[in-house]
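Participant:
Numbering (my numbering), first residue to last: 420 to 759.
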C-alpha cells in the first residue's frame, strides 16, 4: 500500500519485537517542501510525503540479482536544462555578489533541472536504468528504484541523510568535488584538489551546519570522524562522519535533520530563503530524503535514509523525466566553472 501524509509525525511507525529478526516496515519519500515543518521557506509544489508499507523483503546476491534485470535499449529525446548555461552563470554571479557578499550565508546550493523524455517507457525500462547504475556506479550509498504507481525514482545517492540504530545516529556531510582527469586520477591533481581553498571552504561549512543538527538529535553526546576521501566511478568527494547518541524517535530525527547543508547551504534557514528567491519552482524530492524505517531483532527503531540526489524522477504515463542538479556556491566560486 502507498499512502500520503501531511507531517512526518503522522508516519505509521510500528513498535514491538519482530517475529523473525530485523525487519523493514516502511519506506518514506520525503519531499523538499516538507522542510516547512521546521518553519523554513519553500515553494509548495504539492509533492506528497508518501510511505510504502513493506509487505515482503528479500536479501539477494548482487551479481545474480543484477544479471536477472532486463537490458533494453534506452532512447532519450529532447534533453535540455530549463535554465541554460549563460543564465545559470548569471544566477551564480548574483548569489555570490548579493547574498554571500552581503553576509546572508557562507554557501548556497542553487539547482537547475534537466528535462527529457524516455521513448516507449515501461517498467522494464526503469529496471534497465537501475541495472546500469548497479553495474557502472561505484561508491554510491544507496542505488535504488522506487515505483509509487504514478511516479518512478531511480538513482544512485552518494550521501547518507541520517542513519539510526541502537540509539546511535549517524550523519555524513560530503562536499568538494574532484573530477578525475581524462587519464584517470593522479597524485598531483588530487593534492591540488585537497589544498584548494574553495573546496576546503565548502566542506568546512557543511560540516559546521550538520554539527548543529547533530547537537539536537545527538542529545546524549557524539563525535566527529574524518576527513576522508570518498571515491566514485567518475569523481571523488571529501567527507566527514558525525556520530551521536540519541533518545529521539526516528520521526523526530528525520524532522530535525531536514535538510543537509550539502544540498541547501548554510545557515540552512537562510539558505531556504535564498533557494526560494532564486529557484523558480519547487524541488520535488530533490534534496529531500528516502527513509527506510524498521525494527531491530530486539524491537529497537531502525532508520536508513539517503539524500535524494543524482536521481531521475520519471512520470510513467508519459516517460517524461527530470534530473535536478545543484552547485555549491561559496565566495570563491567562479560562475563559469559552476556550469560544468
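Note that CB positions come from ideal geometry on N, CA and C, so glycine has one too. Only a predicted model underlies this, so the values are computations on that prediction, with no experimental measurement involved.
(1) Report the three-state DSSP secondary structure of residue 620 (helix, strand or coil).
(2) Less than 8 Å between C-beta atoms, sequence neighbours within five positions excluded: which residues of the same chain meet that for residue 761?
(3) Unbroken alpha helix (DSSP H) runs of length 4 or more, entirely within the stretch 566-644: which are they?
(4) Which class does residue 526 belong to by DSSP, given the choice of helix, strand or coil?
(5) Kindly list the residues whose CB is nearer than 6 Å to the CB of residue 741, restricted to its own chain and excluding five residues on each side of it in sequence; keep chain order.
(6) Could you tell me if residue 649 is buried or exposed, where buried requires 16 or more neighbouring beta carbons within 10 angstroms of its beta carbon?
(7) Can the beta-carbon of residue 659 be found less than 8 Å from the beta-carbon of residue 725?
(8) Tell me residue 726's beta-bridge partners as DSSP assigns them.
(9) With C-beta atoms as the reference, is residue 559 less than 8 Å away from residue 577?
(10) If I'm right that residue 673 touches residue 446 with Cβ under 8 Å, what's the distance once you round it to whole angstroms?
(11) Can you list, in chain order, the stretches of the alpha helix (DSSP H) that have 4 or more residues and sit fully within the stretch 458-525?
(12) Using DSSP with H/G/I as helix, E/B as strand and the rest coil, what is residue 450?
(13) Go to residue 657, then tell me how far its beta strand (DSSP E) extends in each direction, as first and last residue.
(14) For residue 723, count neighbouring C-beta atoms within 10 Å of its own C-beta (all shown protein chains included) and say buried if the count is 16 or more, exposed if not.
(15) With which residues is residue 714 paired in a DSSP beta bridge?
(16) Keeping to the same chain, check which residues put their C-beta closer than 8 Å to that of residue 757; ignore five residues upstream and five downstream.
(17) Considering only the alpha carbon of each residue, which of 428, 441, 728 lies closest to residue 584?
(18) Using the Cα positions of residue 500 and residue 744, report the straight-line distance between them to the nearest angstrom.
(19) Ordered along the chain, which non-local residues of its own chain (more than five positions away) have a Cβ less than 6 Å from that of residue 608?
(20) Tell me the DSSP secondary structure of residue 646 in three-state form.
(21) Within the chosen definition, does the stretch 445-460 reach the stretch 483-500 through at least 3 CB pairs nearer than 8 Å?
(22) Using C-beta distances below 6 Å, list every residue in its chain close to residue 703, excluding the 5 sequence neighbours before and after it, in chain order.
(23) Of the residues 590, 653, 569, which one's Cα is nearest the Cα of residue 422?
(24) State the DSSP-derived secondary structure class of residue 680, mapped to helix, strand or coil.
(25) Contact check, residue 693 vs residue 459 under 8 Å by CB: the rounded distance?
(26) Does residue 754 pass the burial test, meaning 16 or more other C-beta atoms within 10 Å, or should it be called exposed?
(27) Using only alpha-carbon positions, find the residue among 562, 751, 521 that is nearest to residue 617.
(28) The beta strand (DSSP E) spanning residue 760 covers which residue range?
(29) When the Cα of residue 487 is compared with those of 456, 551, 427, 663, which residue comes out closest?
(30) With a threshold of 7 Å (Cβ to nearest heavy atom), would residue 608 be considered close to the ligand NAD?
(31) On the DSSP letters alone, give me the boundaries of the alpha helix (DSSP H) that residue 560 sits inside.
(32) Would you kindly work out how many angstroms separate the C-alpha atoms of residue 812 and residue 700, rounded to a whole number?
(33) CA-CA distance, residue 516 and residue 434?
(34) Could you say which of 444, 426, 707, 729 lies nearest to residue 580 if we only look at CA atoms?
(35) Classify residue 628 as buried or exposed, calling it buried when 16 or more other Cβ atoms lie within 10 Å of its own Cβ.
Facilitator: Answer, in terms of the structure:
(1) One-based indexing of the chain shown puts residue 620 at position 201. If DSSP states are grouped into helix, strand and coil, residue 620 belongs with the helices.
(2) Here the chain covers residues 420 to 759 and nothing more, so residue 761 does not appear.
(3) 606-613, 616-636
(4) For this step, residue 526 is matched to residue 107 along the chain shown. In the structure shown, residue 526 sits in a strand (DSSP, three-state: E or B).
(5) Working through the chain shown from its first residue, we reach residue 741 at position 322. 532, 534, 732, listed in sequence order.
(6) In the chain shown, residue 649 corresponds to position 230, counting from 1. Buried, by the Cβ-count rule.
(7) Within the chain shown, the letter at position 240 stands for residue 659. Within the chain shown, the letter at position 306 stands for residue 725. No, Cβ-Cβ distance for residue 659 and residue 725 is not below 8 Å.
(8) Position 307 of the chain shown, counted from the first residue, corresponds to residue 726. Residue 726 pairs with 708.
(9) As a position in the chain shown, residue 559 is number 140, starting the count at 1. As a position in the chain shown, residue 577 is number 158, starting the count at 1. Against a cut-off of 8 Å, the Cβ pair of residue 577 and residue 559 comes out as a contact.
(10) Taking the chain shown and counting its residues from 1, one reaches residue 673 at position 254. Taking the chain shown and counting its residues from 1, one reaches residue 446 at position 27. Between residue 446 and residue 673 the Cβ distance is about 13 Å, and since that is not below 8 Å, they are no contact.
(11) 481-487, 504-513
(12) What you label residue 450 is simply residue 31 of the chain shown in a count that begins at 1. In the structure shown, residue 450 sits in coil (DSSP, three-state: anything other than H, G, I, E or B).
(13) Start at 1 with the first residue of the chain shown, and residue 657 comes out as number 238. First-last of the beta strand (DSSP E) with residue 657: 654-664.
(14) In the chain shown, residue 723 corresponds to position 304, counting from 1. Buried, by the Cβ-count rule.
(15) In the chain shown, residue 714 corresponds to position 295, counting from 1. Residue 714 pairs with 442, 720.
(16) In the chain shown, residue 757 corresponds to position 338, counting from 1. Closer than 8 Å at Cβ, skipping near neighbours: 507, 508, 511, 746, 748.
(17) Taking the chain shown and counting its residues from 1, one reaches residue 584 at position 165. Of the candidates 428, 441, 728, the one whose C-alpha sits nearest the C-alpha of residue 584 is 441.
(18) Taking the first residue of the chain shown as position 1, residue 500 is located at position 81. Taking the first residue of the chain shown as position 1, residue 744 is located at position 325. Cα to Cα, residue 500 sits roughly 10 Å from residue 744.
(19) Here residue 608 is taken as the residue at index 189 of the chain shown, counted from 1. Closer than 6 Å at the Cβ level, and outside the excluded window around residue 608, lie 600.
(20) Here residue 646 refers to the residue found at position 227 of the chain shown. In this structure, residue 646 counts as strand in the three-state DSSP scheme.
(21) no
(22) In the chain shown, residue 703 corresponds to position 284, counting from 1. Here the set comprises 466, 732.
(23) As a first step, residue 422 is located in the chain shown; it is residue number 3 there, counting from the start. When only C-alpha atoms are compared, the closest one is 569.
(24) If you number the chain shown from 1, residue 680 lands on position 261. Looking at residue 680 - three-state DSSP - the assignment turns out to be coil, as it is neither helix nor strand.
(25) Translated into the one-based positions of the chain shown, residue 693 becomes position 274. Translated into the one-based positions of the chain shown, residue 459 becomes position 40. Wrong, their Cβ atoms sit about 11 Å apart, outside the cutoff.
(26) For this step, residue 754 is matched to residue 335 along the chain shown. Residue 754 is buried by the Cβ-count criterion.
(27) Position 198 of the chain shown holds residue 617. Minimum Cα distance to residue 617 is reached at 751.
(28) With the chain represented from 420 up to 759, any question about residue 760 goes unanswered, as that position is not in the structure.
(29) Locating residue 487 in the chain shown gives position 68, counting from the first residue. Closest option to residue 487, Cα to Cα, is 551.
(30) With respect to the ligand NAD, the structure offers nothing, as it holds no ligand at all.
(31) Indexing the chain shown from 1 puts residue 560 at position 141. Per DSSP, residue 560 belongs to no alpha helix (DSSP H) and is neither H nor E.
(32) The requested residue 812 is not part of the displayed model; the chain covers only 420 to 759.
(33) Translated into positions along the chain shown, residue 516 becomes position 97. Translated into positions along the chain shown, residue 434 becomes position 15. Roughly 51 Å between the two C-alpha positions.
(34) Translated into the one-based positions of the chain shown, residue 580 becomes position 161. If we check each option's Cα against that of residue 580, 707 comes out closest.
(35) The residue given as residue 628 occupies position 209 in the chain shown. It counts as buried.
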